[in-house]
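Residue numbers (UniProt numbering): 1 to 483.
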């Protein structure tokens, strides 16, 4: 039986309580939590916030349609809108230097604004064009618009050589197809419309984008227009020869599939020449421009191109497919050559944690090696006429019914061997020797005696680690590329 005596609570003395109170300390729970400001957030999070408040498409989701009224002052149209056409949070432009710089960069590069000026002897034509085309545009005054310098493209349409400015507005590039469709319909409706109009387009800012992409977003759609009275395309950043080719297409009396393909073949020759000169990035951009032009061609003129192919017993489709293969393979090879000094040791750059390669450079290498693998796979899909739609580059960007005909017999075994070799080298660099060995074995069978084929095949076989799951190397490269 326990003899422990329990102390009654009433036995506590005042000195005991006062001592305990003195020893008790209260801490502010908030003092341990660091304050997080907007600039402390990861760049990806900040970018996502900018997207929701500065993207002109997203900020209009769920909003009522915009209607415009106008007045004429000194012969120039001035517009008012039923609501702000682009309700973006411009307050971000006037905060700290870092936030302001990031927000402005995102705002202009994401929306790719176009300043559109129309000269016409009749103001009513301007009003009709802007209202019937479905453009959503800023209502800033013409004087304010004339002061803009950060937009992507200056576009001027002149009717009958008029010097009278009737309207000047700014709109995001996402609405450019509406304007092009309106101009195309006008030229189809009235035979005299196109010859009496001139177009002047100048690329002003590139925002560090790849130039082929920017040409595609801002200029390639203009190939839909023909028989214009005058055309001038300008911009220091444009790829060599691109402006001249586009001008020629827009001045032609009508769309000619053979002339269209000839211009793409000329661009491909420029890509090959750039690669011969070891100007790898220029070669990539030329080939990208060809692929973008092909895509837009089959998006906008699929019926004409398919009919012409049938009329030539599919010889036209054969030339198209061989040109696409040549450019896809060319991009893959150029990207590999661009970083060959770093990747010549195989996948060591990818797996060596002690590598002195800067993080940003390693990220760039990973991103472009994955792109090289994708492009080589696209080329392989074409050269083998693979039934797998996931690897067909046309299916990635076109409705299935517009994809041009392809046949494996349009390519030689040597060309197939060269393409398998490119895939094998890409897989070897990305730390996938098992995939590489399979690719390179096919390459050596299809192209016996190919330069470095046997050596690469043996290197791939000797590098196989059967304890490593296939796909691990590409997963690792993907993680590095994403940062």
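Don't be surprised by glycine CBs; every beta carbon is placed ideally from N, CA and C.
- Residue 325 places its beta carbon less than 9 Å from that of residue 382.
- Judged by DSSP secondary structure, residue 234 falls within the beta strand (DSSP E) whose first and last residues are 230–234.
- The C-beta of residue 283 has 16 or more other C-beta atoms within 10 Å across all chains shown, which makes the residue buried.
- Short of 7 Å from the beta carbon of residue 264, and not among the five residues preceding or following it, lie these beta carbons of its own chain, in chain order: 290, 293, 294 and 323.
- Restricting attention to beta strand (DSSP E) runs no shorter than 3 residues, the stretch 326–352 encloses none.
- Counting only residues of its own chain and dropping the five nearest sequence neighbours on each side, residue 478 has a CB closer than 8 Å to the CB of 366 and 370.
- Using a 10 angstroms sphere on the CB of residue 117, the tally of other CB atoms reaches 16 or more, which defines it as buried.
- By the CB criterion at 9 Å, residue 53 and residue 59 fall inside the cutoff.
- Taking 9 Å as the cut-off, the beta carbon of residue 138 is found closer than this to the beta carbon of residue 171.
- Annotation: residue 315 to residue 158 spans about 40 Å, alpha carbon to alpha carbon.
- When beta bridges are read from the DSSP output, residue 168 appears opposite 117.
- The alpha-carbon separation between residue 242 and residue 257 amounts to approximately 18 Å.
- Under the DSSP definition of a beta bridge, residue 80 partners with 69.
- For the alpha helix (DSSP H) assignment, the uninterrupted runs of no fewer than 4 residues enclosed by the stretch 135–220 are, from N- to C-terminal side, 142–146, 176–189 and 211–218.
- Contact between residue 285 and residue 404 is ruled out by a C-beta separation of about 23 Å, above the 8 Å threshold.
- One alpha carbon belongs to residue 94, the other to residue 101, and they sit about 10 Å apart.
- With a 10 Å radius around the Cβ and a threshold of 16 neighbouring Cβ atoms, residue 416 comes out buried.
- A buried status is given to residue 85, since no fewer than 16 other beta-carbon atoms sit within 10 Å of its beta-carbon.
- Under the three-pair Cβ rule at 8 Å, the stretch 266–282 does not count as touching the stretch 295–307.
- In the structure shown, residue 254 adopts coil according to DSSP, grouped into three states.
- The beta carbon of residue 39 lies closer than 6 Å to those of 98 in the same chain, with the five residues before and after it left out.
- Under the three-state reduction of DSSP, residue 473 is assigned to helix.
- A distance below 9 Å separates the beta carbons of residue 232 and residue 200.
- In its chain, beyond the 5 residues on either side, 78 and 123 have a beta carbon closer than 8 Å to the beta carbon of residue 72.
- As summarised for the stretch 275–309, the continuous alpha helix (DSSP H) elements at least 4 residues long and confined to that stretch are 280–300, given in chain order.
- Residue burial annotation: residue 318 is buried, with at least 16 other C-beta atoms found within 10 angstroms of its C-beta.
- Assigned with DSSP and collapsed to three states, residue 478 falls in helix.
- With a contact defined as Cβ atoms closer than 8 Å, residue 460 and residue 450 miss out at about 14 Å.
- The beta carbons of residue 175 and residue 135 sit closer together than 9 Å.
- If you draw a 10 Å sphere on the C-beta of residue 80, you find fewer than 16 other C-beta atoms in it, and that means exposed.
- Inter-segment contact for the stretch 432–442 and the stretch 457–477 is present: three or more beta-carbon pairs are separated by less than 8 Å.
- Burial is judged here by how many other beta carbons sit within 10 angstroms of a residue's own beta carbon; residue 224 has at least 16 and is buried.
- For residue 103, the CB contacts under 7 Å within the same chain, skipping 5 residues up- and downstream, are 50, 54, 92 and 93 in chain order.
- Per DSSP, the continuous alpha helix (DSSP H) segment holding residue 420 begins and ends at 413–429.
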